[in-house]
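Each remark here refers to the structure printed beneath this line.
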Amino acid sequence: MPRAVDGTRRKDRRKKITSQTKGYWGRRKNAFRTAKDALSKSLEYAYRDRKARKRDFRRLWITRISAACRAEGVTYSRFMEGLRKADIQMDRKALSNLAVEDRDAFNQLVSASRAQLDG
């Protein structure tokens, strides 16, 4: 009885991995062992970076808000404290968007925050 080496299960398993590595550079796309390693690493990076993206965007929003606040002469932490006391509930993404696109509205928020801190 001859031994079956090129079975469909083996071929299908390899094909699944090499089809997922389309577009990779060099041997990483078609040499099975290299492709398998590259794919597992890329999936790890994708999982990790989905979590990191949330942190990165929050950091960016805070930086933008802070820069706009400092232009008005108040620090980020004092501005956020004033907003909390004024009971203005806006998330950092919206505040950052206002700071970049609608400076007048952002300045109104800064003055509302200042009023709570002073009074």
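31 is the number that the UniProt record's numbering gives to position 31 of the sequence shown; each next residue is one higher, with no gaps. Ideal placement from N, C-alpha and C gives every residue a C-beta, glycine not left out. Since the model is a prediction, treat every value here as computed from it, not as a measurement.
*Check whether the stretch 76-95 touches the stretch 30-41, counting contact only when three or more Cβ pairs, one atom from each stretch, lie closer than 8 Å.*
Short answer: they don't touch.
*Give me the Cα-Cα distance between K85 and E101, rounded to the nearest whole angstrom.*
Approximately 25 Å, taken between the alpha carbons.
*Whose C-alpha, out of S111, R70, R59, is nearest the C-alpha of D91?*
Distance check between D91 and each of S111, R70, R59 places R59 closest, using alpha-carbon atoms only.
_Coil, strand or helix - M90 by DSSP_ = In the structure shown, the three-state DSSP call for M90 is coil.
*Measure how close the beta-carbons of R114 and V74 come, nearest whole angstrom, since I'm counting them as under 8 Å.*
Cβ atoms of R114 and V74 come within 8 Å of each other, at about 6 Å.
*What is the rounded straight-line gap between the Cα of K51 and the Cα of L43?*
Between the C-alpha atoms of K51 and L43 there is a straight-line separation of about 13 Å.
_For the alpha helix (DSSP H) containing Q72, name the first residue and the last one._
In the sequence under discussion, the amino acid at residue 72 is Glu, which differs from the Gln named in the question. From DSSP, E72 is part of no alpha helix (DSSP H); its letter is neither H nor E.
*Taking DSSP as the reference, what is the three-state secondary structure of N30?*
The three-state secondary structure of N30, taken from DSSP, is coil.
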